[in-house]
Each structure stands twice: as structure tokens, then as C-alpha cells.
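A.B. asks: Dumping the structure here so I can ask a few things about it.
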Amino acid sequence: MMNKIFNLLLFLLSALSLCTFSWGSLFIQIDMFSPFSSISWSWLFFFDTYSASFSSVVLLISASIVFYSMSYMQQEKEKIKFFLTLYMFILSMLILIFSFNISSLLVGWDGLGVTSFLLIYYYHSLKSTNSSLITLTLNRVGDLMIIFSITMGLTVYTWNFFFSEETIKVFNFLLMTAALSKSAQLPFSSWLPLAMAAPTPVSSLVHSSTLVTAGVYLLYRAPLSMISCLSNYIFFITSLTLIMSSVLALQSFDLKEIVAFSTMSHISLMMMGISNGLYKFSFFHLCTHALFKALLFMCSGYLIYLHSGKQDIRTLHLNFQNYKVKYIFFISSCSMMGLPFMAGFYSKDGLIDESSFLSVSMLFVIPVLLSSLYTMRLLYYICLSKTSGMSLKTNDMMSFSMFSLAWFSIFSGAAIQWSLFPLLFISMMPQLKTLILIMLIMSSLILLYSPSFKYMNLFFFLLVNKTYFLNFYSTKLSRSFFFLEKGWLTSPFSALLHWSAISLSNKTLVWGLSLVTIMAFL
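Numbering-wise, the sequence shown is residues -24 to -1, 1 to 498 according to mature numbering (1 follows the signal peptide of the UniProt record, and there is no 0).
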């Protein structure tokens, strides 16, 4: 009964989004209360073409994942609590999409953080506990920036940060930091692979259209092109994140980790486009990426479900009896690579085409090349490997959910392009096309005969498992000062050094938080 009510709400919200898409923009203001005489606490929601498009994508993916979860979670004892938390998670994302001031934005932003913590903690194991706490801690940085934005809004008597001009620079800095933390960019990247501790339906939502895309959507709604220093900073950070995540995806053998690192690289590509003024094409890729990445995660969860929890791609294989899932997995992978006439092709090709006139055009070619490489490596093990696989039983409910999203992974790219860019003609320079083709062929041959295709050396093993040691930097750096070798305490100088290290470790967080607070209010 609860699922039927939720599906009805999804249908009504989809109808509202489609009506908004046809009619134009619409403002809805809800006055809550007036804590001060000069300013009132109100929620402002904005319905336009882009919010309607993205909300329709989110609702479509959410409906498919809810149907998928009915079969995936049917043996769980706490599945009612799971579905309630999942519905709150989706509702928080919808509030964030339509929010047009900071007060309503904070509701959706905090809702995503709290519900994601509960969903990652669902299995109550040591791994899920640590992962949920790290995710919550790193996402609190973004929440703190939003709260600072609300505080600064009191100085200009408005929380409609899209209309504020006096403090736009400070607002943009705070929102940029919040977006980077929510979208798992450096130095906040460690929480995204750890979110894999959640059930696979949750991972499909987190890595496709909800939590990790919230930062990209926030930057899209608050453009930073007028401040060149912030745009350059975003471009530099996202470029580093893109290279890091792509290298980790090429070296990892864990299926969910590979898909998680691919999400990180695609999110970095979108933010690179936003930092260079390619807002519409970044939004275009945001929509198409949500569809094929949700499908890829659902196929991955289906594989793990049938192989009794195994996640090593060297042991996973789809044989002829599972040809439906095999084809669907192939479709989602091809869309992620950007093969012609798939959904990912239109958005990636549009980004490369528009960036060909920029001085950094080659930096947009690199992520497309790297994504093709780790996707081909994934296809080799899952679909083309000669590993003997047992005959696996097909689940009809899960197959139907994946099959419905497979159609959108093929045709949504052309449909969105015709709707948002009716006069767009892709005309990439011939030299750039030839260069991409040559680099792809050479890189594929090098990858195929590289030892890292089948084995991982110790250096990359440590990087993959520690995510460039960001877990240590973000959670254990201050505590590490306690673990000093006792021989250092034999001399007075060493004792003084040890005492200073302990004092510094206790005060690092307090001083850092105080410094951020002072800088924000200045």
C-alpha cells in the first residue's frame, strides 16, 4: 500500500514537472514565520524548464529503483524502515532541486545528509558504521557553509542568494565549498567510495541523480563565471579529482568501486564544464549520466546479488543464460563510453565540441578517453571473459526495472537535445576527432597488454584501498600524533616535542573551525 501511494506521488510530481516544462517558469513562496521584524523566514521554490527536466529524471530513476528494491530487499527484516528512509531521501532531493533561496535549500541539503547517513548505516556492520560516519563528517562541511550563507543573508535582509549583489563573492565562495564537499571533489573525495557500504539500490540513487549531483546542480543554479579566480580554482580541483578517480578506476578490481570512481570522474567533468561557462551542456550531461549510471549500478547489484555478494570482476561473469542482463549491462557501458547514438554520446560530444574553442580543450578529451578505457576493461571481464560461470536464475522484477531504464539510456540523449537545444549542430574540428580516435586505439592496446589489466601492484593497491590516503588526512591525522615511539620521550627535548604534538592534535579542529568562522563573518 505504501509503495502504491509513493508511486502515485511520483506520477503527480512528474505530471507537474511536465506541465511546468510546457508552460514556462513558476514561483511558489511559502511564508513560515518572521523571526525578525525586517526579514521573514520563507521558502521559495522555482519551477522552470531545467528544474522540471532534472526532477523528471530523478523521479524516473527513483520509481525504477523502488520497483527494483522490492525484489532486492525482500528478505530484509527492516525493509519498511529502509523504504521510509529512501522516500525521505528522494523528497529531500526534490526540495533541493526546486529551492530558490537558502532557507529552503538547507532543508533539502540537510535532509540528504541525514538520510544518506541512515541508509549507509543500514547493515549495522563495522564497515557501514565507519563509512556512514565519514560520509556524515565530510558532508557537514557543506552544511556549515550553507549555514554561514544564511547568517550572511541577514546583513542584506534576504536569503534569495540568486538576487544578492552586495555579498555575491562571499556567497559564491561558501556555495563553491559546499558544492565541492557534496560532489566528492578533492579534498572531500574519500566518502564516495565508502558510500558503497549501503545497499545497492541506495548506491544507484547516490551515484546517479541525488546526493553526489547536488553540488553540480547547486553550481549550475548559482553560476560563478563572473569571478575568474573561483572558476579557475574549481577547474584545477576538478581536474585533479578527474585524473585521480580515472586512474583508480583503471586499477581497481572491485565492481562497485570501479563504478563509484567513474561517477567521481563524470562529476568532475561536469564541474569542469561549469567552470568554463558550459552550463547547459554540463546540465545535459548531468541528466544523461544519471540515467545510464543508475542502470549500470542496478546491473552491478544484480550481478552481486546472483553471485552471493562477490564483487571482484575477475570472478563475475554473465553467461548465455543471462543474455538479457548481459545486453543491458553492455548498453549502459556503451552509453557511459559515449558510443555514437547512445545517451552519453550526445552530452559528451556536445561538451567536447563547445570546449574545442577553449585553450583547455585537450583537458576535456582526457576524461572521455579514460572513461572509455576503464569501461572497456569492465566489459572485458563481465561480458567477454572466458571465465566459467554457473547458470543463474533471472529475477523478473529486477530485470523489468533495468529494461525500462535501458531504453532511456539509448534514446534520452537525443530527446533531451531536441528539447533543450533544438538548433544545435555538432561540428567538431576534424583534427580533434582524428586525435581522439588515435589516442583511444593506442591507449586500448597499451592497456590490453599491460600487467595492470589483470594484476595490481602494491602502490596502486594502497592507493585504491586508501583513496589516495584521503581517509587518513580527513579522519585520522589529528589522532596520529598520539602514536609516537616511546624512545622519543627519553630526553627533555623529546618530551617537549611530544607534549606539543598532543596539544596541537587536540586544538587543530577548534582553531580550524574558529578560523573558518572568522573568515566567513569578515
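Even for Gly, the Cβ is constructed at its ideal location relative to N, Cα and C.
Fair warning: this is a prediction, and the values are worked out from it, not measured in the lab.
By how many angstroms is the C-alpha of K286 removed from the C-alpha of F76?
C.D. replies: Position 100 of the sequence shown, counted from the start, is the residue given in the question as residue 76. Position 310 of the sequence shown, counted from the start, is the residue given in the question as residue 286. Going from the Cα of F76 to the Cα of K286 covers about 43 Å.
A.B. asks: Can you grab the Cα-Cα spacing for the pair G277 / M128, in whole Å?
C.D. replies: Here residue 277 corresponds to residue number 301 of the sequence shown, with the count starting at 1. Here residue 128 corresponds to residue number 152 of the sequence shown, with the count starting at 1. Taking the straight line from one Cα to the other gives about 44 Å.
A.B. asks: Measuring CB atoms only, is the region 354 to 361 touching the region 241 to 255, in the sense that at least three cross pairs come out at less than 8 Å?
C.D. replies: No: the two stretches stay apart, fewer than three of their Cβ pairs being nearer than 8 Å.
A.B. asks: Can you check which of these residues, I110, L262, S309 and D24, is closest to Y356 by C-alpha distance?
C.D. replies: Counting from one through the sequence shown, the residue named residue 356 turns up at place 380. Nearest C-alpha to Y356: S309.
A.B. asks: Measure from the alpha carbon of Y193 to the alpha carbon of each residue in L279, S47 and H261, then state which is nearest.
C.D. replies: Within the sequence shown, the letter at position 217 stands for residue 193. Nearest option by C-alpha distance: H261.
A.B. asks: Relative to the C-alpha of G249, which candidate in L162, K55 and K324 has its C-alpha closest?
C.D. replies: The sequence position of residue 249 within the sequence shown is 273, counting from 1. Per the Cα distances, K324.
A.B. asks: Considering Cα atoms alone, identify which of T61, L279 and M69 is closest to S184.
C.D. replies: Here residue 184 refers to the residue found at position 208 of the sequence shown. For the residues T61, L279 and M69, the minimum Cα distance to S184 belongs to M69.
A.B. asks: Given that a residue counts as buried once 16 or more other Cβ atoms are within 10 Å of its Cβ, and exposed if not, what is S479?
C.D. replies: Start at 1 with the first residue of the sequence shown, and residue 479 comes out as number 503. Here the model assigns S479 a pLDDT of 45, short of 50, so the residue's position is not dependable, and the following value carries that caveat. Result: exposed.
A.B. asks: Is the separation between the beta-carbon of S385 and that of K300 shorter than 7 Å?
C.D. replies: Taking the first residue of the sequence shown as position 1, residue 385 is located at position 409. Taking the first residue of the sequence shown as position 1, residue 300 is located at position 324. No, Cβ-Cβ distance for S385 and K300 is not below 7 Å.
A.B. asks: Closer than 6 Å: is that where the CB of V182 sits relative to any heavy atom of the ligand ZN?
C.D. replies: For the ligand ZN, the structure offers nothing, since it holds no ligand at all.
A.B. asks: Comparing alpha-carbon positions, which option in T91, G118, I392 and F212 lies nearest F164?
C.D. replies: Position 188 of the sequence shown holds residue 164. Measuring from the Cα of F164, the nearest candidate turns out to be G118.
A.B. asks: Excluding sequence positions up to five away, which residues of its chain have a Cβ less than 8 Å from the Cβ of M152?
C.D. replies: Residue mapping note: residue 152 aligns to position 176 of the sequence shown, counting from 1. Here the set comprises L195, L200, L206, Y209 and I210.
A.B. asks: Hey, out of S166, L67 and P175, whose CA is closest to E54's CA?
C.D. replies: Here residue 54 is taken as the residue at index 78 of the sequence shown, counted from 1. Answer by Cα proximity: P175.
A.B. asks: So what's residue 511 in DSSP terms, helix, strand or just coil?
C.D. replies: This structure cannot speak to residue 511, because the chain is shown only from -24 to 498.
A.B. asks: Could you check what DSSP says for S329 in three-state terms: helix, strand or coil?
C.D. replies: One-based indexing of the sequence shown puts residue 329 at position 353. Sequence inspection shows Asp at residue 329; the Ser mentioned does not correspond to that position. Three-state result, D329: helix.
A.B. asks: Please return the same chain residues whose Cβ sits closer than 7 Å to the Cβ of A390, not counting the five positions on each side in sequence.
C.D. replies: By one-based count along the sequence shown, residue 390 stands at place 414. Answer for A390: Y322, listed in chain order.
A.B. asks: With DSSP as the reference, please indicate the residues paired to W19 in a beta bridge.
C.D. replies: Translated into the one-based positions of the sequence shown, residue 19 becomes position 43. Per DSSP, I6.
A.B. asks: Can L95 and V223 be called in contact, C-beta distance under 7 Å?
C.D. replies: Along the sequence shown, read from residue 1 onward, the residue named residue 95 stands at position 119. Along the sequence shown, read from residue 1 onward, the residue named residue 223 stands at position 247. Against a cut-off of 7 Å, the Cβ pair of V223 and L95 comes out as no contact.
A.B. asks: Closer than 6 Å by C-beta to residue 544: which residues in its own chain qualify, once you throw out the five before and the five after it? Chain order, please.
C.D. replies: Residue 544 cannot be examined here, being either before or after the span of the chain that is shown, -24 to 498.
A.B. asks: Quick test of your reading: residue 509 and N252, contact by CB under 8 Å. State the CB separation rounded to the nearest angstrom.
C.D. replies: As shown, the chain starts at -24 and ends at 498. That puts residue 509 outside it, with no answer to give.
A.B. asks: In three-state DSSP terms, what is S388?
C.D. replies: The residue given as residue 388 occupies position 412 in the sequence shown. Helix.
A.B. asks: Rounded to whole angstroms, what is the Cα-Cα separation between P343 and L349?
C.D. replies: Taking the first residue of the sequence shown as 1, we reach residue 343 at position 367. Taking the first residue of the sequence shown as 1, we reach residue 349 at position 373. Going by the C-alpha atoms only, they are around 10 Å apart.
A.B. asks: Determine the direct distance from the alpha carbon of G84 to that of F65, and round the result to whole angstroms.
C.D. replies: The residue you call residue 65 lines up with position 89 of the sequence shown. The residue you call residue 84 lines up with position 108 of the sequence shown. Cα to Cα, F65 sits roughly 9 Å from G84.
A.B. asks: Could you give the distance in angstroms between the alpha-carbon of L20 and the alpha-carbon of S311?
C.D. replies: For the purposes of this step, residue 20 is taken as the residue at position 44 of the sequence shown. For the purposes of this step, residue 311 is taken as the residue at position 335 of the sequence shown. Rounded to the nearest angstrom, the two C-alpha atoms are 36 Å apart.
A.B. asks: If I'm right that G326 touches F268 with Cβ under 8 Å, what's the distance once you round it to whole angstroms?
C.D. replies: Residue 326 sits at position 350 when you count from the first residue of the sequence shown. Residue 268 sits at position 292 when you count from the first residue of the sequence shown. No, G326 and F268 are not in contact; Cβ-Cβ is about 16 Å, not under 8 Å.
A.B. asks: Let me check one thing: in DSSP terms, what residues is S75 bridge-paired to?
C.D. replies: Along the sequence shown, one-based indexing puts residue 75 at 99. Per DSSP, F21.
A.B. asks: Near S215, which residues of its chain fall below 8 Å by C-beta distance, leaving aside the five closest residues on each side in sequence?
C.D. replies: Here residue 215 corresponds to residue number 239 of the sequence shown, with the count starting at 1. Same-chain partners within the cutoff: S244, M248 and L339.
A.B. asks: Given L150, which residues of its chain have a CB within under 8 Å of its CB, disregarding the five upstream and five downstream residues?
C.D. replies: Locating residue 150 in the sequence shown gives position 174, where the first residue counts as 1. Cβ within range, chain order: M121, I122, F124, S125, M128 and A496.
A.B. asks: What is the rounded straight-line gap between the Cα of M240 and the Cα of T111?
C.D. replies: In the sequence shown, counting from the first residue as 1, residue 240 sits at position 264. In the sequence shown, counting from the first residue as 1, residue 111 sits at position 135. Near 15 Å, if we compare the C-alpha coordinates of T111 and M240.
A.B. asks: Near E263, which residues of its chain fall below 8 Å by C-beta distance, leaving aside the five closest residues on each side in sequence?
C.D. replies: The residue given as residue 263 occupies position 287 in the sequence shown. Correcting the residue identity first, residue 263 is Cys in this sequence and not Glu. Taken in chain order, the residues that qualify are S29, F30, V33, S323, S388 and I392.
A.B. asks: Grab me the residues of I6's own chain with a C-beta within less than 7 Å of its C-beta, minus the 5 sequence neighbours each way, in chain order.
C.D. replies: The count along the sequence shown starts at 1 and reaches residue 6 at position 30. Within the same chain, I6 has close Cβ partners S18 and W19.
A.B. asks: Return the CA-CA distance between S159 and H283, expressed in angstroms with no decimal places.
C.D. replies: As a position in the sequence shown, residue 159 is number 183, starting the count at 1. As a position in the sequence shown, residue 283 is number 307, starting the count at 1. Each residue's Cα considered, the two are about 31 Å apart.
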